[in-house]
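These protein sequences, in sequence, are chains A and B. With positions in the first sequence counted from 1, the corresponding number in the numbering used here is that position plus 386. With positions in the second sequence counted from 1, the corresponding number in the numbering used here is that position plus 10. Where a beta carbon is used, it is the ideal one built from N, C-alpha and C, also for glycine. Small disclaimer: the values here were computed from a predicted structure and weren't measured. Here's the structure, in structure tokens; my notes come after.
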Amino acid sequence: MRAGEQEQNSFEKQTSTIYTISASCQDCYRCVRVCPVKAISVKNGQASIEDERCIKCGTCVRTCPQHAKTIRFSLDAVKELLHSGRKVAVSVAPSFAAFFHGWQTTRLPSALRCLGFQYISETAEGAKLIAEETLKQRDKGSICTACPAVINYIEKYRPDYVDLLIPVTSPMVAHGRMLKKRLGKTWAVVFIGPCAAKKQEALRPENQDAVDAVLTFAELIQWLEEEGIELSTCSESGFESYGELDKARLFPLQGGLLKTGSIDCDGTNIDVIHLSGSEEVMRLLDIPHGKWKFSIVEPLFCAGGCINGPGIALDKNIFLRKQDIVAYAEKPAMTAQDIDRSVPCAAGFAPEDIGSINEEVEESLINQVLEATGKSNPVLQLNCGACGYESCRDNAIAVVKGMAEPEMCMPHMRRMAQQRTDRIIETSPNGVVILDSELKIINMNPAFHKMFMCNNSIIGRRISYLVDADGYEKLAAGTMEAFESIKSKYGTKYHEQIYALRDEKQYVGMYTDMTKIKFDPKHIGLIKNQTIEHARELLDHQIRFSQEMAHYLGRSTAQSEELVKRLIDLYEEQDLI
Amino acid sequence: MLKVQRATIDNNEVLIEGERNLLELIRKANIDLPTFCYHSEISVYGACRMCMVEVEGRGIVPACSTPAVNGMVVHTNTRQIRNMRKLIVELMLANHDQNCTTCPKSGECRLQKIACQLGVDKVRFKQAEKLAPKDLSSDAIVRDPNKCVQCGDCVRVCQEIQSVGVLDFAHRGAHAKVIPSFDKGLGEVECVNCGQCVKVCPVGALTPKHQINEVWEAIHDKNKVVAVQIAPAVRVALGEYFGYKSGTTITGQTVTALRMMGFNHIYDTCFAADFTVIEEGNEFLSRFEKNERLPQFTSCCPAWVKFAEQYYPDMLTNLSSCKSPQQMFGALCKDMLAKELRIPRENLVVVSIMPCTAKKFEANREEFRVNGNKDVDYVLTSQELALMIKESGIKFDRLEPGSFDLPFGFKTGAGVIFGSSGGVSEAVLRYAADTAGKGSITEFSHLRSDGDIIIETVTIGDIKLRLAIVSGLGKARQLIDKIRRGEEHFDLVEVMACSGGCVNGGGQPVAESKTTVQTRAKSLYDNDKMLQFHNSKDNPYLQKIYNEDLSRPKAHQLLHTHYSNRKRISGEDFILSSKSGQKKLTLTVCFGTSCFLRGAPELYSQLTEYVKRSGLEEETEFKVSFCREKCEKGPVLLINDEVIERCTIDKAIKGIEEALQNMPRQAAEEASAAKESTKA
């Protein structure tokens, strides 16, 4: 933040213009990905904006799915201003017509007067002056813009382009001064617009005399709701606007400034262009000085212009917003006076040193980070962008600078997680087997191999090939979710614990070798109960058998044989104890 | 220590906290006793007997006229009382023209509501057979005697609040009825058309005179262009008919509805009110400078204007000569819009939507016509507009707000506050203060009144103005009598006939409480706050019209009017004696109360003797008139058309002789004039 702000502006609380509500941040890195200047650092999974790097474009505010990014809240400051007894004028950005369309445009001034503002004016007045002033000063540069985010970007990241900026201030600032001159120094001016960067622009030392507070349209709507003011039951009324504002009301559209200045630009001009959106702006400024042949360029940082600003969440299609702006600009205005052109419009643009941020980072440190995340091999550098950075290398640089964490790399983290689970199974002293829906073996661990003296060649065989499948069959029939028993086979006594993975249609068996463990009385009890259970089943079976017909005979015989055999086995176990 | 007073009402103990009567106490105890004749702001009458309750030890008493006393034990629903109430309603219904479905009050009629509430399912009495004719003589109000329940609300509001007293009970017992004096029509008596009786009438006996059908006809007529103006007070009350909270501004929705219904040009009376401010402000500044004809009375309220014409003819010169905003609008619109559209004046129909019944009378005045064509053709009350919107099936609360047409749809806040008592003064003062030096919007807010008289000295620069704001004609009468007696001096007096101003007009939705009216007024002031300009002179369209279309004489012709002494009661003079001979002389003696007391009968008998003596009997016609409105100068005698005030027999003889002398000359002149016309 700039020096001296604290003393000079008492109405804006001194927090960053844009910041993260940490409680809502869910570590998705979407903000990191969209931030055009990568001004968002991640610490312990929490994203936070590095104010010095931030150009206040508000892209993250618009994008954050958790609404964890927020523009500084100025409503309390504005309410305080109104209560202070000072007369307060409001300057409404021309983009308002995109958000308050049709009949609402003639009700908004009334609603603002209801809130306590005493003079409602259109920033377009300032825009008109700025357009004229820009034309006059064309010889001093070739970049003209009303966009503070573009200015911030150039000052912080493209300092060599500062000289190309036509040194004219923004419509907001010019209009603020105009209103104070018109109404008197004691008046305060509040700007309402779609923009986050304007909140910071108003705080620049050279602009302290212009605007006392800045609200976004989102804040205005919240305020109207709080006060229960409905536009539909407000009187129809107008702005206190001076001058013919028709074209100046097009300022929030891409190319609006050129249009107001009557500079022809239809997209085929060789030396005049207008552009919008962060990518286009950055690409434009990638043009080396030597190849810069433009006589005048109008960049806006939000794609489509201010009508797409971050200061309001809106579902409305951007082209419909544009239509509404044009329709409003065509409305005739009844104005007797013209604007006062004698207010100062000079801007104080200067390169801003943002310290070590742009410094190069030692190659060895980058490599260290890449190595630590298992990406020393370029093949393993996926450059997937999941961390929010363009490439693995960019991420590594950010890690070195303390802006990012190695944990932001998704493939790396996944690999780590997978490896960890695999290790647990691999090293377990218990046998683990996984079966598919047909009870065929999918996977086994080394302990299982050892217990049942097999190897991976039996993958795909039915489990009954190795152990008694009785429990699994019960699981497969859906009669039970889990089953536990103690069995013996091949002289090995084992504890079997099985369960179903219903979603995957898989079955898991865990086996503990008990051959060398002495049973305690509880286990004996378990075994005895099992014996009795089996005996009962035998009895039931016999009864069923006697009742059913001969064609069941073969199967039945086999089943009884099996059950008898199991009994025998159990008695064998008893002997072992 | 204050002793706590209690009463027991239907087994519930209720604290008595200064309630004026038992009825109020019972209503506080959450029992809605039905009444027809009880209104908190007018006197207690006890006529309808609906509020009868049983007080232990005292028997059955009317709650409205019984004070609440400590220890009272009250029952409101004994068998006897319930039967009695039903019986009263049945008797009322038997005397009532029960054509409810076609009654303009249907749906809002208290008799309908109470009959339903009390479960009256049959009327055991024979219906009165003969229906009396409706009184359609008034431009503003229709009186249907067959609907009257004789609660006397209209009688009391007219007498007590308005001090006009055109309605009263006549006859006795079963023949009793509420009528204007001599059973004349409302249009023939001193009714000022304020409509306060319409507001208090619980049934359909007094209703605004509807012009709905005429307006639909104009809309449907393809040759006609229909322009409509909406008065300020309508926008904050009309919503009440469509479920909005009172005071909600629904101007935009009203504009949309009017457009949907087929009105061609939708304008705002507030625009014309801005003209009124300028004209009235200039008039005031000029009079104040010359110190003449002060106090200046406002002239926006047609009920007040008629009131002044009837009762204060000597002060008519003090009334501002400005037309009311409605009539200024009509004059400007018919002049300018017809020219702009290049249509004959007759094909432009101007409709106004007003909170007021008297505006209907005003629009019909002879002064506001050009070649017989009215400046404002039809006046609809808020109530009528609501009916039209409902008839059209428009879902009013779903409408997107619309915009007024320009230029007559653009107004300043000063034009909007006309609808509330104190608003006209505030608007004029804003202009005057600005013209004379300094002033701002809130400076005169202490002039905002909700019905009480406000007397204030306002300082503008180094000028001190003393002004009075009064609403309700009864209060106005008290104030003017003080002025006449020289007890008070004012520079500017604002009079509105309805208490609180137009927001409480006779054409508005019936306000259940004073708060409703206050909310509407507050809303008008909020509207003012919302608008861009607050001083009428800042209205750019108004400036444009003054600069481009209105020369000074034309402005005066379109925007100003004159007033005349008005007889309080209409009707022909009574011819006492008329002989068959050729008439040379008509002698009319005023027999009004004042002249009567000052010796009119004696004068008459002396005159008859004189006529006999002089042998003029055959040539003389004797007439008796009611009031000549010169009561203080009575007795008044008319010799042909010559008025002789404070007439004595000597004065009369002298006058008769002069008249007889002039007569042959007159006759000769007439004869020669007739000759010339035959020649031509």
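Going along chain B, which residues have a C-beta under 7 Å from residue i?
{"i": "residue 624/A", "result": "542"}
{"i": "residue 621/A", "result": "259, 261, 537, 540 and 541"}
Between residue i and the rest of its own chain, which residues show a CB-CB distance below 6 Å, the 5 nearest in sequence each way excluded?
{"i": "residue 436/A", "result": "425 and 427"}
{"i": "residue 472/A", "result": "574"}
{"i": "residue 545/A", "result": "737"}
{"i": "residue 18/B", "result": "83"}
{"i": "residue 829/A", "result": "820"}
{"i": "residue 546/B", "result": "284, 287, 288, 422, 424 and 441"}
{"i": "residue 621/B", "result": "627 and 630"}
{"i": "residue 513/B", "result": "243, 429, 430, 527, 530 and 531"}
Please list, in chain order, the chain B residues whose beta carbon lies closer than 9 Å to that of residue i.
{"i": "residue 480/A", "result": "The premise fails here: residue 480/A is roughly 18 Å from chain B at the closest Cβ pair, so nothing lies under 9 Å."}
{"i": "residue 618/A", "result": "260, 262, 263, 409, 410 and 411"}
{"i": "residue 493/A", "result": "262, 411 and 540"}
{"i": "residue 477/A", "result": "Result: empty, since nearest Cβ-Cβ is about 15 Å, beyond 9 Å."}
Tell me which same chain residues have a C-beta within less than 7 Å of the C-beta of residue i, skipping the five on either side of it?
{"i": "residue 610/A", "result": "497"}
{"i": "residue 740/A", "result": "438, 439 and 542"}
{"i": "residue 657/B", "result": "613, 645, 646 and 647"}
{"i": "residue 937/A", "result": "Bear in mind that a pLDDT of 48 at residue 937/A, under 50, signals an unreliable position, so the number given afterwards is only what the model happens to contain. The answer is none, since no qualifying residue turns up."}
{"i": "residue 797/A", "result": "768 and 770"}
{"i": "residue 481/B", "result": "431, 459, 461, 506, 508, 509, 510 and 511"}
For residue i, which residues in the same chain have their Cβ closer than 8 Å to its Cβ, ignoring the five residues on either side in sequence?
{"i": "residue 608/A", "result": "461"}
{"i": "residue 435/B", "result": "308, 454, 457, 477, 479, 502 and 504"}
{"i": "residue 791/A", "result": "428, 429, 430, 431 and 785"}
{"i": "residue 460/B", "result": "431, 510, 524, 527, 528 and 531"}
Starting from the beta carbon of residue i, find every residue of chain B whose beta carbon is closer than 8 Å, and list them in chain order.
{"i": "residue 489/A", "result": "262, 410, 411, 412 and 413"}
{"i": "residue 500/A", "result": "536, 539 and 540"}
List the DSSP bridge partners of residue i.
{"i": "residue 178/B", "result": "189/B"}
{"i": "residue 475/B", "result": "468/B"}
{"i": "residue 887/A", "result": "892/A"}
{"i": "residue 657/A", "result": "Answer is none; residue 657/A lacks a bridge partner."}
{"i": "residue 69/B", "result": "65/B"}
{"i": "residue 869/A", "result": "884/A"}
{"i": "residue 17/B", "result": "24/B"}
{"i": "residue 432/A", "result": "429/A"}
{"i": "residue 899/A", "result": "880/A"}
{"i": "residue 506/B", "result": "481/B"}
{"i": "residue 239/B", "result": "277/B and 362/B"}
{"i": "residue 524/A", "result": "For residue 524/A, which the question treats as bridged, DSSP gives no partner whatsoever."}
Contact between the region 567-581 of chain A and the region 511-531 of chain A (3+ Cβ pairs under 8 Å): The answer is no - the region 511-531 of chain A does not touch the region 567-581 of chain A, with fewer than three Cβ pairs under 8 Å.
Contact set between the region 251-263 of chain B and chain A, restricted to residues whose Cβ is under 9 Å from the partner: Hits within the stretch, in order: 254, 258, 259, 260, 261, 262 and 263.
In the region 387-413 of chain B, which residues sit with their C-beta less than 9 Å from some C-beta in chain A, listed in chain order? Those residues of the region 387-413 of chain B that come within reach of chain A (Cβ to Cβ, closer than 9 Å) are 409, 410, 411, 412 and 413.
Contact list for the region 526-538 of chain B against chain A, Cβ threshold 8 Å: Under the 8 Å Cβ criterion, the region 526-538 of chain B contributes 536 and 537.
Scan the region 640-659 of chain A for residues whose Cβ lies nearer than 8 Å to a Cβ of chain B and list them as they occur along the chain. Within the region 640-659 of chain A, no residue has a Cβ that lies closer than 8 Å to any Cβ of chain B.
Would you be able to state if there are at least three C-beta pairs under 8 Å between the region 637-646 of chain B and the region 606-618 of chain B? Judged by Cβ distances under 8 Å, the region 606-618 of chain B makes contact with the region 637-646 of chain B, as three or more pairs qualify.
Cβ pair count under 8 Å reaching 3, the region 454-467 of chain B against the region 292-302 of chain B: With contact defined as three or more Cβ pairs closer than 8 Å, the region 454-467 of chain B and the region 292-302 of chain B are not in contact.
What are the residues of the region 552-583 of chain A that lie near chain B, defined by any Cβ-Cβ distance shorter than 8 Å? Hits within the stretch: zero.
Is there contact here, the region 674-686 of chain A with the region 652-661 of chain A, by at least three beta-carbon pairs under 8 Å? Short answer: they touch.
Touching by the beta-carbon criterion (3+ pairs, under 8 Å), the region 101-117 of chain B and the region 209-224 of chain B: At 8 Å Cβ cutoff, the stretches touch.
Counting Cβ pairs closer than 8 Å, one from the region 66-84 of chain B and one from the region 164-183 of chain B, do we hit at least three? In short, these stretches do not touch, since the Cβ pair count stays below three.
Touching by the beta-carbon criterion (3+ pairs, under 8 Å), the region 559-567 of chain A and the region 703-722 of chain A: With a cut-off of 8 Å, the region 703-722 of chain A and the region 559-567 of chain A do not count as touching, because too few Cβ pairs lie within range.
With three or more beta-carbon pairs closer than 8 Å as the criterion, would you say the region 399-414 of chain B touches the region 257-272 of chain B? Taking a contact to require three or more Cβ pairs closer than 8 Å, the region 399-414 of chain B and the region 257-272 of chain B qualify as touching.
Hey, is the region 64-71 of chain B in contact with the region 45-53 of chain B, meaning 3+ C-beta pairs nearer than 8 Å? Judged by pairs of C-beta atoms under 8 Å, the region 64-71 of chain B does not touch the region 45-53 of chain B, as fewer than three such pairs exist.
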